[in-house]
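*Asks:* Its first residue numbered 0, the sequence shown is counted upward by one per residue in numbering that gives the first Met the number 0.
For each residue, glycine too, the CB sits at the ideal point set by N, CA and C.
Mind looking over this structure? Questions follow.
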Amino acid sequence: MEIIQSLSNFSYKEKTIVTIGTFDGVHIGHQKILEKVVDSAKKEHKKSVLLTFFPHPRMVLQQDSNLELINTIKEKSTLLAKTGLDYLIIHPFSKEFSRLTALDFVRDILVNQLNTSKLIIGYDHHFGKNREGNLEQLTEYSLLYDFEVEEIPAQDINDVAVSSTKIRRALAEKNIKTANKYLGYNFMLNGTVVNGKQLGGKIGFPTANISVKEDYKLIPKTGVYVVKSLIENNVFYGMMNIGYRPTIDGNHQTIEVHFFDFNKDLYNQKLTIEILYFLRDEQKFDSVNDLILQLKEDEINAHSYLQNNF
């Protein structure tokens, strides 16, 4: 898959099969649309194209929305590369771009820029200024500009019964099993291991402190989770705490992972942390000894979960 930054950099002259959307999460509903796009392109010996946007349109048009995204743009690109798409176009979304009318969008983007022979969209798709464009208009314009429109029926999508909003809600409710089921993969955090206060090592639970640089990335609610990560081409399981470390008077949120059966220096390494299960809420203990006892119990519970599920 070739990643192209901005529509102006796309110069493929043959006909293409196209879909459009933000595709946050690249969840099983998205995967159904993408599978159709890729299969259709192969059958017709054409190239498959996904036009997506960054920043997310809601970040630009509703700046007070505090939208948190399931994927960073890099995570999304990695997930999309696995679908078999030929081209991923990431176009910078702006207020100016949002003012394109439905007709301008079809003529200038779909027809003149992307050379679309078929547009495949999810049901109830809207586009253009004030989301005025709909399937009826698309069908009308497709006759004018000689391209095909294929809408994925509502029934097909409803069979999956998933949306990015539902996934965000499941994560907010710490329902990791449901979120991962909807995603079709484990929800992940990508970050760099940074220096912490090394308090974990002093109490027998050394941790890797993960810094996620993208401030728009959705971070699950505070608590203790069972996780896994690929380190040096080996899978290691562990438990992760997201929170403020109230027992030791922490004053800012941290993401700390204690890996089982692993005790190497990970400073400055980039890690992907896959979240498997929610163990418990973060709590304040009366003493560090009480915290240690709880961590030992957490480790037993985490191993029990892993033994029963992996």
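Pull the bridge partners of I119 from the DSSP assignment, please.
*Replies:* E149
*Asks:* Got a sec? Which residues, its chain only, sit under 8 Å from N253 by beta carbon, not counting five neighbours each side?
*Replies:* According to the sequence displayed, residue 253 carries Thr and not Asn. G195, N208, N240, I241, G242, Y243, R244.
*Asks:* Give every residue of the same chain whose Cβ lies closer than 8 Å to the Cβ of I89, excluding the five residues on either side of it in the sequence, and list them in chain order.
*Replies:* I2, I3, Q4, S5, T51, F52, F53, I72, S76
*Asks:* In or out: G203 buried (at least 16 other Cβ within 10 Å) or exposed?
*Replies:* exposed
*Asks:* Could you say which of Q30, F126, S97 lies nearest to K81 if we only look at CA atoms?
*Replies:* Q30
*Asks:* Across the segment 187-194 and the segment 268-281, are there enough close Cβ pairs to call them in contact, namely three or more that are closer than 8 Å?
*Replies:* Taking 8 Å as the limit for Cβ pairs, the verdict is that the segment 268-281 does touch the segment 187-194.
*Asks:* How is the beta strand (DSSP E) around F96 delimited, first residue to last?
*Replies:* First-last for F96: 94-97, but that is the alpha helix (DSSP H), not the beta strand (DSSP E).
*Asks:* What are the boundary residues of the alpha helix (DSSP H) that includes G28?
*Replies:* 27-42
*Asks:* Does the distance from the CB of N114 to the CB of T177 come in under 8 Å?
*Replies:* With contacts defined by Cβ atoms closer than 8 Å, N114 and T177 do not form a contacting pair.
*Asks:* Run through the DSSP bridge pairs and tell me what H257 is partnered with.
*Replies:* M238
*Asks:* Taking E150 as the reference, give the member of V17, E95, K12, L292 with the closest Cα.
*Replies:* V17
*Asks:* For the beta strand (DSSP E) that S228 lies in, which residues bound it at each end?
*Replies:* 222-230
*Asks:* Since L278 and V225 should fall inside the 8 Å C-beta cutoff, what is the C-beta to C-beta distance between them, to a whole number of angstroms?
*Replies:* 6 Å
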